[in-house]
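The structure appears below as structure tokens.
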Amino acid sequence: MDPVVIIFVVLALCLILGIPVAFCIGLSAISFLLYQGYPSPMVMVQRMVDGAKSYTMMALPMFIFAGALMAYGSTPRLMKLANMLVSRVPGGLGAATLVTCGFFGAVSGSGVASTAAIGGIVGKEMLKQKYSMGITAGILAGGGVMATLIPPSLVMVIYAGCTGVSVGDMFIAGVGPGIFIILLLILMNCVIAKRRGIGSGEVAVYTTAEKIKIVADALLPLFMPVIIIGGVLSGILTPTEASVIAAAYALLLAVFVYKEMTFKDFLDATSESVITSAIILFIISSATPFGWLMATQNVPQMFTQALLSLTTNPYMILLVFFCLLWVLGCFMETICIIILVTPILFPIVVSMGMDPIHFGVAMMANLAVGGITPPLSVGLFTACRILNCKVEDTFPDVLYIIGIITIVAAVTFIFPDLSMYLVEVLK
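The opening residue of the sequence shown carries number 49 in our numbering; numbering runs sequentially from there.
In structure tokens form, the structure reads like this:
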């Protein structure tokens, strides 16, 4: 039997049996080594260590820690600012939730953290204002997946670590699609709110003094993405250094400025961050030997030849890739997909002449669609857990949000300027 077939058969069997993804990837690589008669397991261990010690990947734990710390004091202030900005539009609470998710995504980089933090504040209130369960869960989950595109995105850091592209360029390329997805979701929310009479007559009036106070309170949290993106783009900071400064800044706000974090809260945030970081880094380290085996066995070249035997149209090949990513996103976690398929797809895309930054952002947009589409849909499950409902209770209204994010993914793929314009301007 072909050794490559062994890898994918073992991987598929492990996934079907419900074994955690990191172990599935590792076992498939080990099975190949045993089948090929490698004398020492140290090859596997060395590759795993190489994957975990990547300098770029060192930024992940601190970005995760910063996101956990921002939940203490910063999130309610961002919510007040967002509510003030969009309070006059139909369905103001839904629009404010989306804007806050955009803000929170920019300071935490985590979609699930964004959904959990914002959903805990506004989820029940949206239901009281006659938002349907589907729209409420969809807005929270859709707002969360925006963090996939809005810098500093954790998955962008992982993609950059897997491919060697610039983290700063990935951050900048995500700005256009990130803003686009926020605007489309707000427009959809306004149309639905107007048609269904949601939030009608609720217009909050703010005095000038109140507006100044709300903006002033939110300025410090909003300075977080300036530190990260500005520091990386200017060359003053590496992504890893920026992540450490971001975590220190978030801790400073939570403990000394807002004084809303107790020592127990600090331990909880630290514990949560350590567990999340360990899971992600274990997946990355397990996938590194897998990617190495894909390269040594010429799997990308074999995959390319198989595709070219069907069509030579590069757009059709890319369409196949993105359909594959969307389907995988329905069943697997975003980080796992990036680590698994990037070693296979990336060499093919580069050989076709597609910009690796554009491909990366288009990939994130497609995975965002999968991230909100059942059966896995981590973001939707998180929102449903907060709202105490089942995923099936969110249909059919949640399809509106899935449709909007699908449109953004398609536009990002078809029109490279949406993601690449700022990158070219700032070079």
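C-beta: ideal position from N, C-alpha, C; glycine also. The structure presented is a predicted model; accordingly, all values stated were derived computationally and were not measured.
field: Three-way DSSP call (helix, strand, coil) for F463 in this model
entry: coil
field: Sequence-distant residues of the same chain with beta carbon closer than 7 Å to V303, five excluded per side
entry: M309
Limits of the alpha helix (DSSP H) - the one that T324 falls within: F311 to T344
- prompt: Is the segment 251 to 265 in contact with the segment 223 to 241, if contact means three or more CB pairs nearer than 8 Å?
  reply: no
- request: Thinking A221 and S467 are a contact (beta carbons under 8 Å), I'd like their distance in whole angstroms, please.
  value: 4 Å
query: Whose C-beta lies closer than 7 Å to the C-beta of P225 among residues of the same chain, with five residues either side of it excluded?
result: L197, V409, A413, V456, T460, L466 and S467
message: According to DSSP, is L481 part of a helix, a strand, or is it coil?
response: The structure shown does not extend to residue 481, since the chain spans only 49 to 475, so no value can be given for it.
query: DSSP state of T255, grouped into three classes?
result: coil
field: Inter-residue CB distance, A335 and I387 (contact presumed, cutoff 8 Å)
entry: 4 Å
query: Excluding five sequence neighbours on each side, which residues of the same chain lie with their C-beta closer than 7 Å to the C-beta of C384?
result: V69 and I331
Separation of I276 from A296, as counted between CA atoms: 12 Å
- prompt: From I293 to T184, what does the alpha carbon distance come to, in whole angstroms?
  reply: 34 Å
message: Let me make sure I understand the geometry here. Which of P404, M411 and Y363 has the alpha-carbon closest to that of T382?
response: M411
query: Among residues of its own chain, excluding the 5 on either side of L474, which ones have a beta-carbon nearer than 8 Å to its beta-carbon?
result: I220 and L281
- prompt: Does the Cβ-Cβ distance between T481 and L126 come in under 8 Å?
  reply: Here the chain has residues from 49 to 475 only, and residue 481 is not among them.
task: Say whether the segment 316 to 327 touches the segment 49 to 67, bearing in mind that this needs 3 or more beta-carbon pairs closer than 8 Å, one atom from each stretch.
output: no
message: By the DSSP assignment, the alpha helix (DSSP H) with T288 in it spans what residues?
response: P287 to L300
- request: Rounded to whole angstroms, what's the CA-CA distance from V375 to F369? Just pull it up for me.
  value: 10 Å
query: Which residues in the same chain as G153 place their Cβ atom closer than 6 Å to its Cβ, once the five residues preceding and following it in sequence are excluded?
result: S162, M194, A195 and I198
- prompt: Whose C-alpha, out of V203, F80, T211 and T286, is nearest the C-alpha of F394?
  reply: T211
- prompt: For I405, which of A143, Y469 and S357 has the nearest alpha-carbon?
  reply: Y469
- prompt: Cβ of P464 less than 8 Å from any chain C Cβ?
  reply: Here chain C cannot be found, since the structure has a single protein chain.
message: Determine whether the beta carbon atoms of G186 and D445 lie at a separation below 8 Å.
response: yes
field: For G74, the first and last residue of its enclosing alpha helix (DSSP H)
entry: V69 to Q84
Residue range of the unbroken alpha helix (DSSP H) whose run includes A431: V426 to L435
Close-in-space but distant-in-sequence residues of the same chain around Y179 (CB under 7 Å, 5 per side omitted): G142 and I246
- prompt: Are there 16 or more other CB atoms within 10 angstroms of the CB of N436, so buried, or fewer, so exposed?
  reply: exposed
message: Assuming contact is defined by CB atoms lying nearer than 8 Å, are F111 and P51 in contact in what I supplied?
response: no
- prompt: If you draw a straight line from the alpha carbon of L285 to that of S122, how long is it in whole angstroms?
  reply: 24 Å
message: Measuring straight from C-alpha to C-alpha, what distance separates G401 and K312?
response: 52 Å
query: What is the C-beta distance between M477 and I78, in whole angstroms, given that I count them as a contact (C-beta under 8 Å)?
result: This structure gives no information on residue 477, because the portion of the chain shown stretches from 49 to 475.
query: Terminal residues of the continuous alpha helix (DSSP H) containing P51?
result: P51 to I64
query: In terms of residues, what are the limits of the alpha helix (DSSP H) holding I229?
result: V223 to R244
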